[in-house]
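In our numbering, the protein residues as written are 3 to 295.
What follows is a set of notes on a single structure, which appears directly below.
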Ligand code: C5P
């Protein structure tokens, strides 16, 4: 048996706009994704065997499934199928990233399993690995790569961009959770221009983000997430945390399809102070930084 340990990092979306609904039911989006320093720990022990046998053990996640209903399990199966291999695989997953929170935890776990399988078996070309990641979920290719990236298509087309100065963030969690398909259903109900007539987010923000990502000396444009307008009205705790952070004067945004809300602070000290203030109000919050794989 070979053992590999991987960190499955959470992501936040600094910019997220959905522009169209596709015939296959998915949506076209543009997003700036950023890996942050909150991570699940993934251990994969594996060896070639006559028959494939996958065991997934979960620590810290009583509500998650341990077989093919879990994306980490499916990632191991998909890897072996694509590589035409049979193997005994034991995955141990220690969860820290909240589930259904908009932080890409399930996608991160799946990507970590793919990376571990690839370092054990080395059986797939890089482009095949990325294509496989995209079949598992729209955010899995980004989670394979990590760092900072602009994502297009349904999220699976990933263009890496150079890292900026070290960012400091506060992630604030309520007890609410939102399923991704439900979040997209709410968007469809709220926006009448997902038929291809929608150009981009308001106020030329998409262009401002392109310029920012291409020029290291420009300031970060406003944060934007189209999901805020439909999810925050459904998640009163997240909405009130959002309001509270805004009152403190920090840029604030919901991540992904929510409902986790994050603030950007100029320093680690200010992040710690904001965490303490939120905790004082009974809100679970943690300070994180940019991370790369
Ligand atoms: O790709 P993933 O499995 O994460 O997507 C989960 C669900 O979210 C999809 O079945 C679809 O309903 C919705 N989705 C979407 N457009 C995207 C990504 C996800 O409609 N770009």
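By construction, the Cβ of each residue, glycine as well, lies at the ideal position given by its N, Cα and C atoms.
Please read all numbers here as calculations on a predicted model, not as lab measurements.
Exercise for the section: To the nearest angstrom, report how far apart residue 158 and residue 95 are at their CA atoms. Expected result: On the chain shown, residue 158 is found 156 positions in, with the first residue counted as 1. On the chain shown, residue 95 is found 93 positions in, with the first residue counted as 1. If you take the alpha carbons of residue 158 and residue 95, they lie about 24 Å apart.
Exercise for the section: Flag residue 186 as yes when its Cβ comes closer than 7 Å to any non-hydrogen atom of the ligand C5P, and as no otherwise. Expected result: Position 184 of the chain shown holds residue 186. Flag set: Cβ of residue 186 near the ligand C5P.
Problem - Beta-carbon proximity list for residue 172, same chain, < 6 Å, skipping 5 on both sides - result: Position 170 of the chain shown, counted from the first residue, corresponds to residue 172. Here the set comprises 265, 273, 276, 277, 287 and 289.
Exercise for the section: From the DSSP output, read off the bridge partner residues of residue 249. Expected result: Taking the first residue of the chain shown as 1, we reach residue 249 at position 247. Note: residue 249 sits in no beta bridge, so no partner.
Handout entry: Strand pairing of residue 89, partner residues [DSSP]
Key = As a position in the chain shown, residue 89 is number 87, starting the count at 1. According to DSSP, which records beta bridges pairwise, residue 89 is partnered with 50.
Exercise for the section: Give the DSSP-derived three-state secondary structure of residue 237 in the structure shown. Expected result: The residue given as residue 237 occupies position 235 in the chain shown. In the structure shown, residue 237 sits in coil (DSSP, three-state: anything other than H, G, I, E or B).
Exercise for the section: Over the uninterrupted alpha helix (DSSP H) stretch that includes residue 119, give me the two end residues. Expected result: The sequence position of residue 119 within the chain shown is 117, counting from 1. Where residue 119 is concerned, the enclosing alpha helix (DSSP H) stretches over 107 to 123.
Practice task
Pull up the distance between the alpha-carbon of residue 31 and that of residue 69, whole angstroms please.
Solution key: Sequence index remark: in the chain shown, residue 31 carries index 29 (1-based). Sequence index remark: in the chain shown, residue 69 carries index 67 (1-based). Each residue's alpha carbon lies about 30 Å from the other.
Problem - the ligand C5P heavy atom lying under 7 Å from the CB of residue 157 - result: Residue 157 sits at position 155 when you count from the first residue of the chain shown. Checking the Cβ of residue 157 against the ligand C5P gives yes.
Practice task
Determine which residues share a DSSP beta bridge with residue 43 and list them.
Solution key: If you number the chain shown from 1, residue 43 lands on position 41. Paired residues: 9 and 96.
Exercise for the section: Measure the alpha-carbon distance for residue 146 versus residue 198 and round it to whole angstroms. Expected result: The residue given as residue 146 occupies position 144 in the chain shown. The residue given as residue 198 occupies position 196 in the chain shown. So the alpha carbons of these two residues sit roughly 30 Å apart.
Practice task
Round the Cβ separation of residue 89 and residue 135 to the nearest angstrom and send it over; I've been treating them as touching at under 8 Å.
Solution key: Here residue 89 corresponds to residue number 87 of the chain shown, with the count starting at 1. Here residue 135 corresponds to residue number 133 of the chain shown, with the count starting at 1. Incorrect: roughly 19 Å between the Cβ atoms, too far for contact.
Exercise for the section: Measure from the alpha carbon of residue 245 to the alpha carbon of each residue in 259, 230 and 258, then state which is nearest. Expected result: Stepping through the chain shown from its first residue, residue 245 is reached at position 243. Among 259, 230 and 258, the Cα nearest to that of residue 245 belongs to 230.
Handout entry: Residue interval of the alpha helix (DSSP H) (run including residue 142)
Key = By one-based count along the chain shown, residue 142 stands at place 140. Segment 142 to 147, the alpha helix (DSSP H) holding residue 142.
Handout entry: Bounding residues of the alpha helix (DSSP H) (the contiguous stretch that carries residue 213)
Key = Here the question's residue 213 lines up with position 211 in the chain shown. It spans 207 to 216 - the alpha helix (DSSP H) in which residue 213 sits, taken as one unbroken run.
Exercise for the section: Determine the closest residue to residue 142 out of 168, 126, 107 and 127, with distance taken between C-alpha atoms. Expected result: For the purposes of this step, residue 142 is identified with residue 140 of the chain shown, where counting begins at 1. Ranking 168, 126, 107 and 127 by Cα distance to residue 142 puts 107 first.
Handout entry: Outcome for residue 248 when other beta-carbon atoms lying within 10 angstroms are tallied against a minimum of 16
Key = Against the chain shown, residue 248 aligns to sequence position 246. That one is exposed.
Exercise for the section: Go ahead and pull the three-state DSSP assignment for residue 128. Expected result: Sequence index remark: in the chain shown, residue 128 carries index 126 (1-based). Of the three classes helix, strand and coil, the one that applies to residue 128 here is helix, per DSSP.
Practice task
Note down, in chain order, each residue of its chain lying with its Cβ closer than 6 Å to the Cβ of residue 112, except the 5 sequence neighbours on either side.
Solution key: Sequence index remark: in the chain shown, residue 112 carries index 110 (1-based). Hits under 6 Å: 73, 74, 77, 138 and 142.
Handout entry: Cβ pair residue 261, residue 237 closer than 8 Å
Key = Looking up residue 261 in the chain shown gives position 259. Looking up residue 237 in the chain shown gives position 235. Closer than 8 Å, so yes.
Practice task
Thinking residue 121 and residue 6 are a contact (beta carbons under 8 Å), I'd like their distance in whole angstroms, please.
Solution key: Position 119 of the chain shown, counted from the start, is the residue given in the question as residue 121. Position 4 of the chain shown, counted from the start, is the residue given in the question as residue 6. Confirmed, about 5 Å.
Exercise for the section: Measure the beta-carbon distance from residue 169 to residue 295 and round it to whole angstroms, keeping in mind my assumption that it falls under 8 Å. Expected result: Locating residue 169 in the chain shown gives position 167, where the first residue counts as 1. Locating residue 295 in the chain shown gives position 293, where the first residue counts as 1. That pair is no contact at about 16 Å.
Handout entry: From 152, 283 and 105, residue whose alpha carbon lies closest to that of residue 39
Key = As a position in the chain shown, residue 39 is number 37, starting the count at 1. Considering only alpha carbons, the answer is 105.
Exercise for the section: Check whether the Cβ atoms of residue 188 and residue 225 lie closer than 8 Å to each other. Expected result: Working through the chain shown from its first residue, we reach residue 188 at position 186. Working through the chain shown from its first residue, we reach residue 225 at position 223. Contact flag unset, no.
Practice task
Answer yes or no: do residue 203 and residue 26 have a C-beta to C-beta separation smaller than 8 Å?
Solution key: The residue labelled residue 203 in the question sits at position 201 within the chain shown. The residue labelled residue 26 in the question sits at position 24 within the chain shown. No.
Practice task
With a threshold of 7 Å, establish whether the CB of residue 66 neighbours any heavy atom of the ligand C5P.
Solution key: Working through the chain shown from its first residue, we reach residue 66 at position 64. No, since every heavy atom of the ligand C5P falls outside the 7 Å radius drawn around the Cβ of residue 66.
Handout entry: Exposed unless 16 or more other CB atoms sit within 10 angstroms - verdict on residue 127
Key = Walking along the chain shown from the start, residue 127 turns up at place 125. So residue 127 ends up on the exposed side.
Practice task
Let me know if residue 119 comes out buried or exposed under the rule of 16 or more other beta-carbons within 10 Å of its beta-carbon.
Solution key: Within the chain shown, the letter at position 117 stands for residue 119. The residue is buried, with at least 16 neighbouring Cβ atoms inside 10 Å.
Practice task
Identify every residue that forms a DSSP beta bridge with residue 35.
Solution key: One-based indexing of the chain shown puts residue 35 at position 33. Answer is 15 and 151.
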